[in-house]
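Asks: Under full-length UniProt numbering, think of the first position of the sequence shown as 1, with each following residue one higher.
From the three backbone atoms N, C-alpha and C, an ideal C-beta is built for every residue, glycine too.
Owing to the predicted nature of the structure, the values given are computational and were not obtained by experimental measurement.
The structure that follows is given in the form of structure tokens.
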Amino acid sequence: MCRHLGYLGPARSVGDVLTAGTSSLMQQSWAPRDMRGGGTVNADGFGAAWWTDGGVGHYRNPMPIWTDPAVTDTLTSVRSTAVLAAIRSATVGMPVDRSACAPFVAGTFAFSHNGVVTGWPHSLAALAADVPTVDLLRLAAPTDAAALWTVLQHRLGRQEPGEALAGLVRDVDAAAPGSRLNLLLSDGRTLWATAVHHAFSVRVDGESAVVASEPTDDDPSWRAVPDRSIVTAAVGALEVTPLDR
Ligand code: GLN
1 MCRHLGYLGP ARSVGDVLTA GTSSLMQQSW APRDMRGGGT VNADGFGAAW WTDGGVGHYR
61 NPMPIWTDPA VTDTLTSVRS TAVLAAIRSA TVGMPVDRSA CAPFVAGTFA FSHNGVVTGW
121 PHSLAALAAD VPTVDLLRLA APTDAAALWT VLQHRLGRQE PGEALAGLVR DVDAAAPGSR
181 LNLLLSDGRT LWATAVHHAF SVRVDGESAV VASEPTDDDP SWRAVPDRSI VTAAVGALEV
241 TPLDR
């Protein structure tokens with residue numbers, strides 16, 4: 001069921017974000033602690049996006065993260081105050097390909113989906129009908145995650161990011177009941193996330209904000225997010241609200 005993580009805080013290397021902690025994303029690729037029955041390992045690639053003055057940097061590889069030396073050499077030289085990273089466990093029937101690895105990036109935004117949309121693709125057809133055909137033809141990959149990203153991008157042009165993400169999750173939850181919908185979106189300043197039918201934790205203080213599918217270490221300041229929640233996190237600011245109003 002994939003794992004993802006968002007970091008905001010003092011500048012760190014992307015390699016450090018991927019590998020720091022006794023249960024880092026690197027460790028979670030072969031030994032995740034809380035997959036909630038959705039798979040066993042996350043070996044179908046990984047990716048990271050980071051924000052700089054020059055825009056959003058992006059690196060993805062469809063191989064297991066532990067096989068890529070760039071994680072501990074090249075990516076340790078890339079520093080940022082904002083990183084969104086993901087490791088992938090491809091849903092059955094979906095391709096193992098670089099184009100299908102999160103995060104997906106466009107403009108100032110990066111996005112990841114940790115979960116599965118039940119009944120895909122049929123269950124998303126009505127939601128996708130609002131998206132211009134040309135944008136559907138540009139689908140990043142034939143996966144549920146890429147389809148969610150395409151619909152979300154369309155809504156980001158019309159709504160504030162937190163509102164767009166929460167609205168999308170509510171609509172998909174209604175159209176595809178039982179879906180696992182942990183979504184993570186950032187513009188490098190704020191992290192917007194949802195926890196639906198899957199594990200999610202946060203650690204926010206005056207220095208940094210970290211949100212993750214599961215804690216990356218045993219620090220007691222991690223807080224588990226209740227199921228069916230919407231999360232908005234920034235340095236020194238955390239809001240967790242119920243999805244169901
Ligand atoms: N279903 C998505 C994919 O296959 C997300 C992966 C996951 O969480 N298992 O890309």
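Return the CA-CA distance between D16 and V78, expressed in angstroms with no decimal places.
Replies: 10 Å
Asks: To the nearest angstrom, how far is it from the Cα of S123 to the Cα of A175?
Replies: Near 6 Å, if we compare the C-alpha coordinates of A175 and S123.
Asks: Could you tell me which of V41, G55, T194 sits nearest to G107, measuring between CA atoms?
Replies: Comparing Cα positions, the closest option is G55.
Asks: Taking the alpha-carbon of V131 as reference, which of L75, S80, L152, L165 has the nearest alpha-carbon?
Replies: L152
Asks: Mind the definition here: the region 202 to 218 touches the region 7 to 22 only if three or more C-beta pairs lie below 8 Å; say whether that holds.
Replies: yes
Asks: Tell me the DSSP secondary structure of G167 in three-state form.
Replies: helix
Asks: How big is the Cα-Cα spacing for V96 and N42?
Replies: 12 Å
Asks: Starting from H154, follow the alpha helix (DSSP H) in both directions and report where the run begins and ends.
Replies: 144 to 156
Asks: Rounding to the nearest angstrom, what Cα-Cα distance links A102 and L184 in this structure?
Replies: 10 Å
Asks: For a test of your reading of the model: does the CB of D144 fall under 6 Å from any non-hydrogen atom of ligand 1? Yes or no.
Replies: For D144, the CB falls within less than 6 Å of some heavy atom of ligand 1.
Asks: Could you pull the start and end residues of the alpha helix (DSSP H) that A126 belongs to?
Replies: 125 to 128
Asks: Provide the residue span of the alpha helix (DSSP H) that contains V92, from first to last.
Replies: Counting along the chain, V92 falls outside any alpha helix (DSSP H), and DSSP gives it neither H nor E.
Asks: Taking only three categories from DSSP, how would you classify W222?
Replies: In the three-state scheme derived from DSSP, where H, G and I count as helix and E and B as strand, W222 is classed as coil.
Asks: What is the DSSP secondary structure of V14, reduced to helix, strand or coil?
Replies: Of the three classes helix, strand and coil, the one that applies to V14 here is helix, per DSSP.
Asks: Would you mind reading off the limits of the alpha helix (DSSP H) that contains V117?
Replies: No alpha helix (DSSP H) contains V117, which DSSP labels as neither H nor E.
Asks: Terminal residues of the continuous alpha helix (DSSP H) containing L136?
Replies: 133 to 137
Asks: Tell me, please, which residues DSSP counts as bridged to F200.
Replies: Answer is none; F200 lacks a bridge partner.
Asks: Inspect the beta-carbon positions of A49 and V134 and report whether they are closer than 7 Å.
Replies: no
Asks: Out of R138, T67, R228, D68, which one is the CA nearest neighbour of S179?
Replies: Considering only R138, T67, R228, D68, the residue with the shortest C-alpha distance to S179 is R228.
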